[in-house]
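Numbering (our numbering), first residue to last: 14 to 756.
Cβ coordinates follow ideal geometry from the N, Cα and C atoms, glycine included.
Worksheet: the structure to be examined is printed underneath.
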Amino acid sequence: MTRYQILHITVICFIVVFVGGVVMMAGWSEVPERAEAAESQPAAASPAKAVPQGKPATIALESGEGSAVFGGGRSYQWDEILDKIVLMEATAERPRAVANLSPIAASASGGMPSGGEVKLAMPAASAVSAASSASEGGSSSPAPSGAAAPGGPAGSGTGSEENSSGDADGTASTPSNGSNTSTSGGTSFAYVTVTTASGLERYLRDDLSISGSSRAELFCAKNETESFQIIVTNKAYNSLPDVRVHFSGWQENIKSTKLKLSLYRAHYIKVDKPTGQSRIERLGKREQGKVGTYPDALIPFVDPYTGQPITSGYYRADRVSVPGRANQAYWVDVRVEPDVPAGTYTGSILVTSSNRPVAEIPVRLTVWDFTLPATRELTVWFSRIRNLDGIYGVRKYSQSYDVLMTRYTDMQYEHGVNPYFETMPDINSNTGAVTFTPSYVSAIRSFVDKYGPGMFLISSFYFENDYDKNGHNSKFARMLSDFHRFSSQHPDLGEFFVSIDEPYTQEEAVNIINISRILRQYAPRIKLRVNGAWFGPYYREAGISDWKNLEQEVEAAIDIRSIYSDYADTPDQIKRIKNRVNDGQPVVICTEPLLWCIDKNIVNYRVPAWRSYVLGATGIAAWQADLSNSTLDPWVNPLTHTFIDGRIVNGGGLHYYPGTPTKVGLSSPGGPVPTMRLKVFRDSVEDYAYFKLLEKLVGRSATVEMVSAVAPDFTTHKNPVEYLNGRKQIAYRILQLQDDANH
């Protein structure tokens, strides 16, 4: 052996030893931080298939039925698509492969981005166990969980500070019960599980004991929106970087405008001090709220005003990192238009990390053969939209302000809330005369054409200092008389009413009686709506000797009675409500501020519509809808209200977060970002429509029996599954009766 041969062998040995040491060190550095985590690690995925020689054709994606096409027009299933992406990376085609993993513009076009391409197709119904990076003629084994992913070290993310810190999205599922796990591309996802859950299940950020499913199955009527959640649970101690969610499009050939899927990421908010106890809780019937980090705001993947994916904003949906030992929840809305044919539709949602597949969630939607009516039978009053000028920094009644008002009104209507017409006509301050200009009439007509018959609030504070000693107010009477005449001329516009809140003192009680007298004499079409608890105990505590008679006189003066939900559950209270209903007087259930909160059971938002139907109530009211304090940043501070007695409210009266271009990347001037709680309430309004459909087929008493079995009162927290199963049983009964009638 020559000297050169010896030198050559020595160099080779040195290289082998050096490379081996580096590999061992890399392996050690990727071992989970705790031994118990390693013990629970699932088996690694199968090694990749051998990659054939030769450079593959570039990917061309086909619109329509959700298949992907590679050169030559051949159609591939999802596992083959993954192999092709791996092959492209192995042959220096990574940029093109990554480009074909761009997120779907699902919210705007039901899975079809602009240009009509389906970015990903996932017809398989199982978890993705993708091939690791392969070289010519072989494959490599996946690394342990926590290893650095392609494109950056473990824990790295892209985008804003929130993204890199891993602000999560909101629905959860359990690793042990049907979860999807995966390993891909040199990064092990063995500590990552992806599961589904209903919209009635809410998991805190650090709750890793999640129970869920590996697939999503939805049941929906026509003209309805149904939801579910996808929860990514990262049990590793390193963060899961650059998480993205992709929708395949529907396998069936249906236009995306008829069947639309929208994706959101849940923003987590930390509650350091629990919401105070409500009256029901003080009676020992419910637990108090608890501290923790809750999913609440739902940040859209796609700008609803432009239809384009959102790529900027401090808080955004796409490309976030899931922190170690944490959940990241995503909310999915599926909107079924009235003209969608009944039947079954399928698709898939793929979750990726650093452009490598983590898990695939099969989605199966059953559209029932009945349609929810376009006109809602449950009237929902939230407070008027306020403070947009202060929150968004725009001038009141400017063009930007009007755009914001429209966007907020649209969101209310889309979630079952009857929006107010915010503009008032010209009112003469000297006489009370009202002038309904042509521009006002045109504006109110356009509003009704868009949202249906509206609600038009007339403040009781107009001319409040002009009452005489006999309780008459000529200016107020003139104003109400003019509104009465206008309403008579345009009866299709909706309902005009005067609203008064909590008349608990004797002075306020007398005011109720006086306003009622004026309305019935000068403006019988204008209704008086009064909100609050039962007034008698307050009058008694105030020392009013004839408090019983005063309460009776006040109750008799009211046209629309709004009663707090926590004063509507005892036998005596239920009897009082039913007496009003039997007399033909509308009753509205007003939600208790201390129950509609971030840190209280989210089922609270589903119960009121069920109980309203049982009690015969035709409406629901909420004391507040958006921020009353324009200086509060609800993205970081959940405390929205403090009562006089010191009890706080987390998120109470806040059903949508202010979404600015800077915060969430919405197009200028921004718009509202919905909460999970608002979505659950929307579903309850649709539940009410189910009840009314069934009532027309079997009668009210039989329907009440089915509904009250699930919601016996406002205080019982049944398992969310019972609400979903109850809704399903009502739907099956409707279908059965329809089928019987057709035969």
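CB-CB length for residue i against residue j, believed under 8 Å
i	j	result
Val686	Leu311	7 Å
Ile398	Asp639	6 Å
Ile747	Leu710	7 Å
Asp612	Val284	5 Å
Pick from the options that is closest to residue i, judged by C-alpha positions
i	options	result
Tyr480	Arg530, Ile323, Val256 and Thr675	Arg530
Asn595	Thr270, Pro651, Asp579 and Leu628	Leu628
Ala203	Asn236, Ala249 and Glu237	Ala249
Val207	Gly326, Thr448 and Pro375	Pro375
Ala342	Cys233, Thr583, Tyr216 and Ile471	Tyr216
Ala634	Asp582, Val698 and Asn247	Val698
Pro671	Gln598, Ile611, Gly683 and Asn642	Gly683
Val543	Ser558, Gly556 and Asn524	Asn524
Arg420	Arg713, Tyr669 and Leu276	Tyr669
Pro733	Ser714, Val620, Pro674 and Arg660	Val620
Ser643	Arg329, Pro336 and Asn400	Asn400
Trp381	Ile557, Trp394, Glu350 and Thr365	Glu350
Arg695	Pro725, Asn617 and Phe727	Asn617
Thr365	Tyr453, Val256 and Ala387	Val256
Thr604	Asn738, Ser413 and Gly545	Gly545
Glu239	Ile267, Ala210 and Ser224	Ala210
Ile513	Asp572, Ile457, Asp462 and Arg491	Asp572
Arg689	Glu520, Asn368 and Pro313	Arg is not the amino acid found at residue 689; the sequence shown has Met there. Of the listed residues, the one whose Cα sits closest to Met689 is Pro313.
Ile587	Ser714, Asp726 and His428	Asp726
Val567	Ile528, Trp623, Leu691 and Gln534	Ile528
Cβ neighbour criterion (16 or more within 10 Å) applied to residue i
i	result
Ser681	exposed
Thr444	exposed
His503	exposed
Phe474	exposed
Gln425	buried
Phe656	exposed
Lys561	exposed
Gln749	exposed
Asp331	buried
Asp439	exposed
His259	buried
Lys303	exposed
Ala339	buried
Val649	exposed
Ser334	buried
Asp585	exposed
Lys409	exposed
Asp352	exposed
Ser367	buried
Gly403	exposed
Closer than 6 Å: residue i CB and nearest the ligand ZN heavy atom
i	result
Leu563	The ligand ZN is not part of this structure, which contains no ligands at all.
C-alpha gap between residue i and residue j, whole angstroms
i	j	result
Val371	Thr319	30 Å
Glu554	Asp658	18 Å
Trp702	Ala569	For clarity, residue 702 is Ala in the given sequence; the question names Trp instead. About 30 Å.
Leu652	Gly664	6 Å
Pro55	Val205	Bear in mind that the predicted position of Pro55 carries a pLDDT of just 33, short of 50, making it unreliable; the figure below should be weighed with that in mind. Straight-line Cα distance between these residues: approximately 10 Å.
His730	Arg228	26 Å
Glu515	Arg574	11 Å
Ser721	Phe460	36 Å
Ile244	Ala279	10 Å
Lys705	Glu390	8 Å
Gly262	Leu272	10 Å
Phe509	Thr422	18 Å
Gly467	Gly507	5 Å
Ser411	Arg589	47 Å
Gln472	His497	Checking the sequence shown, residue 472 turns out to be Ser, not Gln. Those two C-alpha atoms are separated by around 15 Å.
Lys741	Trp394	27 Å
Arg593	Ser625	14 Å
Residues of its chain near residue i, where Cβ-Cβ distance is below 6 Å and the 5 sequence neighbours each way are ignored
i	result
Leu517	Before going on, a small fix: residue 517 reads as Tyr here, not Leu. Closer than 6 Å at Cβ, skipping near neighbours: Tyr551.
Gln637	Ser396 and Gly666
Tyr464	Tyr426 and Pro432
Gly191	Confidence is the limiting factor: at Gly191 the pLDDT is only 43, short of 50, which leaves the residue's position unreliable and the question unanswerable from this model.
Gly678	Ile323, Ser325, Gly326 and Arg329
Residues near residue i in its chain [Cβ-Cβ closer than 7 Å; skip 5 each side]
i	result
Glu708	Thr716
Asp752	none
Cβ neighbours of residue i in the same chain (closer than 8 Å, five flanking residues each side left out)
i	result
Arg377	Arg228, Ala229, Glu230, Leu231, Thr357, Tyr358 and Thr359
Leu417	Leu401, Tyr405, Val407, Pro682, Gly683 and Gly684
Val662	Thr288, Gly289, Pro606, Leu607, Cys610, Leu652, Thr653, His654, Thr655 and Phe656
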